[in-house]
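The numbers in the sequence shown follow the numbering used here, run straight up by one, and end at 321.
Have a look at the structure below, then the notes.
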Amino acid sequence: MTPMFRRYLVLLSLVCCLTPLAAWSDAYPSKSIRLVIPFSPGGATDVVARIVAQKLTEAFKQSVVVDSRPGANGIIGTDIVAKAAPDGYTLLASVASAHTLNPSIYKLPYDPLKDFVAVSLVANLPIMVVAHPSLPAKTIQEFIALAKSKPGQINFSSGTSLIQLTGELFKSATDTNIVAIPYKGTGPQLTAVLAGEVSLTFDPFTALSQVKAGKLRALAILAPKRSPLLPDVPTLEEAGVRGVDVASWVGILVPAGTPNEIVNRLQGEIAKIAAMPDVKERFASISYEPVGSTPEQFANLIRVELAKWAKVVKETNFKVE
Numbered sequence: 001m002t003p004m005f006r007r008y009l010v011l012l013s014l015v016c017c018l019t020p021l022a023a024w025s026d027a028y029p030s031k032s033i034r035l036v037i038p039f040s041p042g043g044a045t046d047v048v049a050r051i052v053a054q055k056l057t058e059a060f061k062q063s064v065v066v067d068s069r070p071g072a073n074g075i076i077g078t079d080i081v082a083k084a085a086p087d088g089y090t091l092l093a094s095v096a097s098a099h100t101l102n103p104s105i106y107k108l109p110y111d112p113l114k115d116f117v118a119v120s121l122v123a124n125l126p127i128m129v130v131a132h133p134s135l136p137a138k139t140i141q142e143f144i145a146l147a148k149s150k151p152g153q154i155n156f157s158s159g160t161s162l163i164q165l166t167g168e169l170f171k172s173a174t175d176t177n178i179v180a181i182p183y184k185g186t187g188p189q190l191t192a193v194l195a196g197e198v199s200l201t202f203d204p205f206t207a208l209s210q211v212k213a214g215k216l217r218a219l220a221i222l223a224p225k226r227s228p229l230l231p232d233v234p235t236l237e238e239a240g241v242r243g244v245d246v247a248s249w250v251g252i253l254v255p256a257g258t259p260n261e262i263v264n265r266l267q268g269e270i271a272k273i274a275a276m277p278d279v280k281e282r283f284a285s286i287s288y289e290p291v292g293s294t295p296e297q298f299a300n301l302i303r304v305e306l307a308k309w310a311k312v313v314k315e316t317n318f319k320v321e
């Protein structure tokens with residue numbers, strides 16, 4: 001066998017190996033796709049996921065069917081995707097609390113890193129500090145000074161684990177001692193501030209209309225940059241407080257082992273969706289900002305948040321009641 005013929009056989013074998021993969025990628029998707037939402041229908045996550053499903057259906061010319069699998073704070077639906085075939089036909093619409101906080105407070109049947117591949121961050125919803133108008137603090141700097149002068153005397157409402165731990169993160173970063181008062185959900189948590197039962201809360205923009213109406217005062221945004229929805233409200237970093245970036249994001253993941261070609265195809269379409277004017281408008285109506293990140297950016301966000309919440313849970317000895 002001549003060297004020339006040997007090189008020909010090597011090249012031929014490479015072509016034979018790569019052609020089926022390329023053909024498979026080009027043909028994807030060839031059937032309907034299931035998008036699992038690990039929460040009940042009707043919430044903001046559900047709205048975002050259904051918009052993405054609709055747009056992917058239009059792009060792929062294949063149905064993307066929303067499958068709501070609520071229960072156990074998102075664990076049931078997430079586990080379904082973790083154990084699904086890694087073929088691109090089962091997607092997960094996850095959120096910050098379910099994917100990066102749950103691992104620190106629950107025993108999970110899956111690993112949030114090893115059992116999933118991050119596709120793209122779809123939408124972001126920063127947390128803001130909102131206070132009752134009677135609170136004698138007009139700015140976040142004034143509030144921090146007030147809280148330091150009255151340790152243990154200022155309360156905040158907490159309707160979820162994410163909000164309570166955000167409060168703990170805030171306390172640690174500002175060296176204050178504000179007290180969490182538990183409520184059952186973000187709705188009751190906000191109502192408590194409106195009624196003056198507590199002084200403030202950490203809110204995922206559900207209070208946007210009340211802030212604009214003057215019924216509540218937004219003191220700061222817990223994000224690296226200001227929100228276009230409230231451009232006059234400063235970030236906590238602008239007050240010199242770092243390390244308290246908290247958001248209620250929505251992102252798409254797939255089971256570990258899903259081919260890179262499929263992941264990249266999905267990410268490319270999601271990036272296009274995030275840039276669509278009508279999507280931006282629909283997201284803004286529920287206070288979300290479209291993102292469309294790369295898989296690497298989303299995976300890094302997950303790793304950073306897993307470490308952040310693990311540290312807060314350990315330092316505060318937080319337990320789910």
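Beta carbons are placed, not taken as given, at the ideal position from N, Cα and C, and that holds for glycine.
| request: Report the residue ranges of all alpha helix (DSSP H) runs contained in full by the stretch 69–112; include only those spanning at least 4 residues, in chain order. | output: 75–82 and 102–105
| query | Residues in its own chain within less than 7 angstroms of E237 by CB, not counting five upstream and five downstream? | reply | P224
| task | Compute the Euclidean distance between the alpha carbons of V263 and K138, then round it to the nearest angstrom. | result | 46 angstroms
| said: Could you pull the DSSP bridge partners for P406 from this structure? | reply: Given a span of 1 to 321 for the chain in the structure shown, any question on residue 406 remains unanswerable.
| Would a C-beta distance cut-off of 8 angstroms place V241 and A131 closer than the cut-off? | no
| query | How about A27 and I37: do their beta carbons lie closer than 8 angstroms? | reply | no
| query | Run through DSSP, which three-state label would N177 get? | reply | coil
| request: Helix, strand or coil for R282, going by three-state DSSP, please let me know. | output: helix
| query | Assuming V313 contacts L165 under a Cβ cut-off of 8 angstroms, what Cβ separation, rounded to an integer in Å, is found between them? | reply | 7 angstroms
| Exposed or buried, what is D232 when buried is set at 16 or more other beta-carbons lying within 10 Å of its beta-carbon? | exposed
| task | Less than 8 angstroms between the CB atoms is what I'm expecting for V254 and V119, so what's the real figure, rounded? | result | 6 angstroms
| task | Would you identify the three-state DSSP class for D46, choosing helix, strand or coil? | result | helix
| field | Backbone CA spacing between L125 and L216 [nearest angstrom] | value | 19 angstroms
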